[in-house]
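Colleague: Pasting a structure here, questions to come.
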Amino acid sequence: MNSTLWSLIGKGVIETLEMTLISTILAYIIGVPYGVLLKVTGKGEIMEQKVVNKIFAFIANVFRSIPFLILLVFLIPFTRAIVGTSIGTEASIVPLTVGTIPIVARMVEQSLNEIPYRITEAAKSMGANSWQIVKEFIIPEAMPSLCSGTAINTATVLGYSAMAGCIGGGGLGALALNYGYYRYQNDVLFLTVLVLVVVVQVIQESGVLISKRIRHS
Amino acid sequence: MAEQKIIYQLNHVSKIFRDKNSEVIAVDDISLEIHEGEIFGIIGMSGAGKSTLVRMLNRLEEVTSGEVIFDGKKLGELSPKETRATRKQIAMIFQSFNLLSQKTVLANVEIPLKLIGVSKEERKEIAREKLKIVGLEDKVNAYPAQLSGGQKQRVAIARALAMNPRVLLCDEATSALDPKITEEILSLLQDINERLNLTIVIITHEMNVVEKICNRVAIVDNGKLAELGEVKDVFAKPQSDAAKHLILPTIAGDNPFDETNKNCYRIVFNGRAATEPVIANLVKRTGESVNILSANTRSIGGIGYGQMIVEFPEDPTAHKVVLDYFTSIGIQPVAIDKEVVI
Ligand SMILES: Nc1ncnc2c1ncn2[C@@H]1O[C@H](COP(=O)(O)OP(=O)(O)OP(=O)(O)O)[C@@H](O)[C@H]1O
Ligand SMILES: [Mg+2]
Numbered sequence: 001m002n003s004t005l006w007s008l009i010g011k012g013v014i015e016t017l018e019m020t021l022i023s024t025i026l027a028y029i030i031g032v033p034y035g036v037l038l039k040v041t042g043k044g045e046i047m048e049q050k051v052v053n054k055i056f057a058f059i060a061n062v063f064r065s066i067p068f069l070i071l072l073v074f075l076i077p078f079t080r081a082i083v084g085t086s087i088g089t090e091a092s093i094v095p096l097t098v099g100t101i102p103i104v105a106r107m108v109e110q111s112l113n114e115i116p117y118r119i120t121e122a123a124k125s126m127g128a129n130s131w132q133i134v135k136e137f138i139i140p141e142a143m144p145s146l147c148s149g150t151a152i153n154t155a156t157v158l159g160y161s162a163m164a165g166c167i168g169g170g171g172l173g174a175l176a177l178n179y180g181y182y183r184y185q186n187d188v189l190f191l192t193v194l195v196l197v198v199v200v201q202v203i204q205e206s207g208v209l210i211s212k213r214i215r216h217s
Numbered sequence: 001m002a003e004q005k006i007i008y009q010l011n012h013v014s015k016i017f018r019d020k021n022s023e024v025i026a027v028d029d030i031s032l033e034i035h036e037g038e039i040f041g042i043i044g045m046s047g048a049g050k051s052t053l054v055r056m057l058n059r060l061e062e063v064t065s066g067e068v069i070f071d072g073k074k075l076g077e078l079s080p081k082e083t084r085a086t087r088k089q090i091a092m093i094f095q096s097f098n099l100l101s102q103k104t105v106l107a108n109v110e111i112p113l114k115l116i117g118v119s120k121e122e123r124k125e126i127a128r129e130k131l132k133i134v135g136l137e138d139k140v141n142a143y144p145a146q147l148s149g150g151q152k153q154r155v156a157i158a159r160a161l162a163m164n165p166r167v168l169l170c171d172e173a174t175s176a177l178d179p180k181i182t183e184e185i186l187s188l189l190q191d192i193n194e195r196l197n198l199t200i201v202i203i204t205h206e207m208n209v210v211e212k213i214c215n216r217v218a219i220v221d222n223g224k225l226a227e228l229g230e231v232k233d234v235f236a237k238p239q240s241d242a243a244k245h246l247i248l249p250t251i252a253g254d255n256p257f258d259e260t261n262k263n264c265y266r267i268v269f270n271g272r273a274a275t276e277p278v279i280a281n282l283v284k285r286t287g288e289s290v291n292i293l294s295a296n297t298r299s300i301g302g303i304g305y306g307q308m309i310v311e312f313p314e315d316p317t318a319h320k321v322v323l324d325y326f327t328s329i330g331i332q333p334v335a336i337d338k339e340v341v342i
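Top line first, the protein sequences correspond to chains H and E. Be aware that the first sequence starts at 1, since it is given in our numbering, and climbs by one per residue. Be aware that the second sequence starts at 1, since it is given in our numbering, and climbs by one per residue.
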């Protein structure tokens, strides 16, 4: 293996991290409010809205049940419309984000559901409004769980980014496909897998660590 | 206690929980008043409707019929915004404390202040001050998980006080605590009541809680108001079956008297006299003595609270001497027999 390959792998890592981080952040910007919405409009919750809840839960479920590879293909026209192209790192951010939003939403909802209703009751008894109940009571209580959820989601996006790489995106996925598969360079394939494993491990472990660090119960 | 302003007026309040195929009448036509500055007890067996009743006092639960009037305002007629503003005057503490586990003690106490937009520095200062009142100023940086149950309830009390409330509602606030810690929390509540003239409503299923700190008590049975009055009156002469059930079994727990014994009496110490001298003086003055079958009394600042079951002498003359002695010092022994104990 020569230095060009190493620099290719270096570039791949950077592209992968770029796609993963940007997509995860974007997915959280939309996914957190989405998850909160699912939570607060649920049955017996502070802003119970059966119809709204059903609709949003349905949309999230539909997107979650589409295999990511198919979603990728399915979203190509949409990606083109937004980024102008369907190829490259920036372009893969679109399907990655869209695919991750419902995952984040469900995970946020689940984390918030772990907080017992008595916390909401205490908040209400203090005269908190719905926004304050979420912001000052439920989210701070759910923080450790939200953190470990974030690590898991980031790792998922990383895996997806490799898939996106196969469909014209950059990153380690594209590298593995181009060199490892089309050119039979097993060493590249192996190295790419190794790097991916290490990166996922680092993300997972730091998530667990942060979650532990901030958990006080 | 002198006549006071009425802070809560309940008129024919009922609460019915309905679902598809069942209906529970949790609170059934209760009318009562709570005076400003008093400690008002609501006692009843499990499932009697106490929690439902108290939750209607801050509108966590909506009444099915009747009205709850707080400080002249009908809670049922308030807008959501007015309801929230009113709740800020009505603090509540719970059996399960309901502290935020991810926030420090200080941050927990700051929450109600944060809700009304008090600045950070001011919040911390007020929170510290309230923690001092409950004796936890050295725990400001601890997390709830590091505290004992009693300490957690103290934090909850400090948090309640931070709202500067008119009323403090306590739903089984001591039920998760052991007797000694219960005592401490009750003393704290009593102290707060006296110092701040804060009205306190205490929900409990434990008679000794009412006995220790309440001025007046409502006995709730099966959703209905079974008895209402000054604690000393209700304790001395429970009228309803529910009251007898609640008051007497606290002594009859390890039932020391047999049903045929007609010499058993219940003596209530309502804070007017010390328990010890009463019994000691009996011997001194009359030469007679009683057999203490069971006692559930405590002395606070030398004043006795609680009750005793005693066996009077069998000899009719001695019996009368003892009876007269108690009457002369203002205690009315209540004969206990099978019928009363139920
Ligand atoms: N949300 C609810 N839905 C249906 N039934 C309810 C609800 N809340 C309470 N109940 C019923 O109302 C009755 C009174 O309940 P409540 O919790 O007020 O009793 P309690 O006196 O506080 O009892 P405990 O001492 O066990 O706390 C019970 O039969 C209970 O099952
Ligand atoms: Mg209850």
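Each residue gets a CB set at the ideal place from its N, CA and C atoms; glycine is no exception. Note that this is a predicted model, so its numbers are computed, not measured.
#1: Is residue 51(E) near ligand 2, with its Cβ less than 7 Å from a heavy atom?
#2: Beta carbons nearer than 7 Å to chain C: which residues of the stretch 109-127 of chain H have them?
#3: Under the rule that 16 or more other beta-carbon atoms within 10 Å means buried, what is residue 96(E), buried or exposed?
#4: Which residue comes first and which comes last in the alpha helix (DSSP H) that contains residue 194(E)?
#5: Pick helix, strand or coil for residue 216(E), following the three-state DSSP scheme.
#6: Should residue 17(E) go down as buried or exposed, given a rule of 16 or more other Cβ atoms within 10 Å for buried?
#7: If you run the structure through DSSP and keep just helix, strand and coil, what is residue 147(E)?
#8: Thinking C-beta only, is residue 140(H) closer than 8 Å to residue 106(E)?
#9: List, in order along the chain, the chain H residues whose C-beta lies closer than 9 Å to that of residue 94(E)?
#10: On the three-pair Cβ rule with 8 Å, is the stretch 218-233 of chain E touching the stretch 47-61 of chain E?
#11: Label residue 254(E) either buried or exposed according to how many other C-beta atoms from any shown protein chain fall within 10 Å of its C-beta, with 16 as the threshold for buried.
#12: Quick check on DSSP: helix, strand or coil for residue 183(H)?
#13: Kindly indicate which residue of 282(E), 207(E), 73(E) has the alpha-carbon position closest to the one of residue 324(E).
#14: Using a Cβ-based criterion (distance less than 7 Å to any ligand heavy atom), does residue 48(E) qualify as near ligand 1?
#15: Under a Cβ-count criterion, where at least 16 other Cβ atoms within 10 Å of its own Cβ denotes burial, should residue 179(H) be classed as buried or exposed?
#16: Just to check my reading of the structure: residue 214(E) and residue 93(E) have Cβ atoms closer than 8 Å, yes? What is that Cβ distance to the nearest angstrom?
#17: Along the chain, where does the alpha helix (DSSP H) that runs through residue 241(E) open and close?
#18: Against chain H, with Cβ distances strictly below 8 Å, would residue 7(E) count as a contact?
#19: Give, in chain order, every residue of the stretch 40-71 of chain H whose Cβ lies closer than 7 Å to some Cβ of chain E.
#20: Are the beta-carbon atoms of residue 234(E) and residue 209(E) separated by less than 8 Å?
#21: What separation, rounded to the nearest whole angstrom, lies between the Cα atoms of residue 322(E) and residue 217(H)?
#22: Alpha carbon to alpha carbon, how far is residue 131(E) from residue 77(E)? Give it in angstroms, no decimals.
#23: Any Cβ of chain H within less than 8 Å of the Cβ of residue 338(E)?
#24: When we look at the beta-carbon of residue 307(E) and count the other beta-carbons within 10 Å, is it buried (16 or more) or exposed?
#25: Have a look at the DSSP bridge pairing and note the partners of residue 9(E).
#26: If you measure between the beta carbons of residue 265(H) and residue 20(H), is that distance less than 8 Å?
#27: Run through DSSP, which three-state label would residue 344(E) get?
#28: Identify the contact partners of residue 100(E) in chain H, using a Cβ-Cβ distance below 8 Å as the criterion.
#29: Residue 163(E) versus chain H: which residues are under 9 Å apart at the beta carbon?
#30: Does the stretch 141-161 of chain H touch the stretch 204-214 of chain H, meaning 3 or more C-beta pairs lie closer than 8 Å?
#31: Grab me the residues of residue 57(H)'s own chain with a C-beta within less than 7 Å of its C-beta, minus the 5 sequence neighbours each way, in chain order.
#32: Would you say residue 145(E) reaches chain H, if we count a Cβ-Cβ gap shorter than 8 Å as a contact?
#33: Tell me residue 264(E)'s beta-bridge partners as DSSP assigns them.
#34: Can you pull out the residues from the stretch 152-183 of chain E whose beta carbon lies closer than 7 Å to at least one beta carbon of chain H?
#35: Relative to ligand 1, is the shortest distance from any of its heavy atoms to the C-beta of residue 205(E) smaller than 7 Å?
#36: Identify the residues that DSSP records as bridge partners of residue 225(E): which are they?
Modeller: The structure says:
#1: In the second sequence, counting from the first residue as 1, residue 51(E) sits at position 51. Residue 51(E): yes, Cβ under 7 Å from ligand 2.
#2: Within the model displayed, chain C is absent; protein chains H and E are what it includes.
#3: Within the second sequence, the letter at position 96 stands for residue 96(E). Looking at its Cβ environment, which holds 16 or more other Cβ atoms inside 10 Å, residue 96(E) is buried.
#4: To locate residue 194(E), count along the second sequence from 1; it is residue 194. Its alpha helix (DSSP H) spans residues 179-196.
#5: The residue given as residue 216(E) occupies position 216 in the second sequence. DSSP places residue 216(E) in strand when its eight states are reduced to three.
#6: On the second sequence, residue 17(E) is found 17 positions in, with the first residue counted as 1. It is exposed - the Cβ of residue 17(E) has fewer than 16 other Cβ atoms within 10 Å.
#7: For the purposes of this step, residue 147(E) is taken as the residue at position 147 of the second sequence. Of the three classes helix, strand and coil, the one that applies to residue 147(E) here is coil, per DSSP.
#8: On the second sequence, residue 106(E) is found 106 positions in, with the first residue counted as 1. On the first sequence, residue 140(H) is found 140 positions in, with the first residue counted as 1. No. Outside cutoff.
#9: In the second sequence, the residue the question calls residue 94(E) occupies position 94. Chain H residues near residue 94(E): 118, 121, 122, 125.
#10: yes
#11: Taking the second sequence and counting its residues from 1, the one referred to as residue 254(E) is at position 254. In this predicted model, residue 254(E) has a pLDDT of only 44, less than 50, meaning its place in the structure is not dependable; the value taken from the coordinates is given anyway. Counting Cβ neighbours within 10 Å, residue 254(E) comes out exposed, since fewer than 16 surround it.
#12: One-based indexing of the first sequence puts residue 183(H) at position 183. Correct three-state label for residue 183(H): coil.
#13: Reading the second sequence from its first residue, position 324 is the one you call residue 324(E). Of 282(E), 207(E), 73(E), the residue nearest in Cα terms is 282(E).
#14: Here residue 48(E) is taken as the residue at index 48 of the second sequence, counted from 1. Checking every heavy atom of ligand 1 against the Cβ of residue 48(E), one is found closer than 7 Å.
#15: The residue you call residue 179(H) lines up with position 179 of the first sequence. With 16 or more Cβ atoms within 10 Å of its Cβ, residue 179(H) is classed as buried.
#16: Residue mapping note: residue 214(E) aligns to position 214 of the second sequence, counting from 1. Residue mapping note: residue 93(E) aligns to position 93 of the second sequence, counting from 1. About 16 Å; that fails the 8 Å criterion.
#17: The residue given as residue 241(E) occupies position 241 in the second sequence. Counting along the chain, the alpha helix (DSSP H) containing residue 241(E) begins and ends at 241-247.
#18: Counted from its first residue, the second sequence places residue 7(E) at position 7. No, no contact with chain H.
#19: none
#20: To locate residue 234(E), count along the second sequence from 1; it is residue 234. To locate residue 209(E), count along the second sequence from 1; it is residue 209. In this structure, residue 209(E) does not lie closer than 8 Å to residue 234(E) by Cβ.
#21: Position 322 of the second sequence, counting from 1, holds the residue named residue 322(E). Position 217 of the first sequence, counting from 1, holds the residue named residue 217(H). Roughly 58 Å between the two C-alpha positions.
#22: To locate residue 77(E), count along the second sequence from 1; it is residue 77. To locate residue 131(E), count along the second sequence from 1; it is residue 131. Distance between the alpha carbons of residue 77(E) and residue 131(E) is about 35 Å.
#23: Locating residue 338(E) in the second sequence gives position 338, counting from the first residue. Its pLDDT being 41, under 50, residue 338(E) is placed unreliably in this model, and the value from its coordinates should be taken loosely. No, its Cβ sits nowhere closer than 8 Å to a Cβ of chain H.
#24: Stepping through the second sequence from its first residue, residue 307(E) is reached at position 307. Answer is buried; the Cβ neighbour count reaches 16.
#25: Along the second sequence, read from residue 1 onward, the residue named residue 9(E) stands at position 9. Paired residues: 33(E), 69(E).
#26: It is not possible to answer for residue 265(H), since the shown part of chain H is limited to 1 through 217.
#27: Outside the shown range of chain E (1 to 342) lies residue 344(E), about which nothing can therefore be said.
#28: Here residue 100(E) refers to the residue found at position 100 of the second sequence. Those within 8 Å of residue 100(E) in chain H are 119, 137, 140, 141.
#29: Taking the first residue of the second sequence as 1, we reach residue 163(E) at position 163. Chain H residues near residue 163(E): 126, 127.
#30: With the rule of 3 Cβ pairs closer than 8 Å, the stretch 204-214 of chain H counts as touching the stretch 141-161 of chain H.
#31: Looking up residue 57(H) in the first sequence gives position 57. Around residue 57(H): 38.
#32: Along the second sequence, one-based indexing puts residue 145(E) at 145. Closer than 8 Å to some Cβ of chain H, the Cβ of residue 145(E) qualifies, so yes.
#33: Here residue 264(E) refers to the residue found at position 264 when the second sequence is read from its first residue. Beta-bridge pairing links residue 264(E) to 311(E).
#34: 163
#35: On the second sequence, residue 205(E) is found 205 positions in, with the first residue counted as 1. Under cutoff, so the answer is yes.
#36: In the second sequence, the residue the question calls residue 225(E) occupies position 225. The partner list for residue 225(E) (beta bridge, DSSP) reads 220(E).
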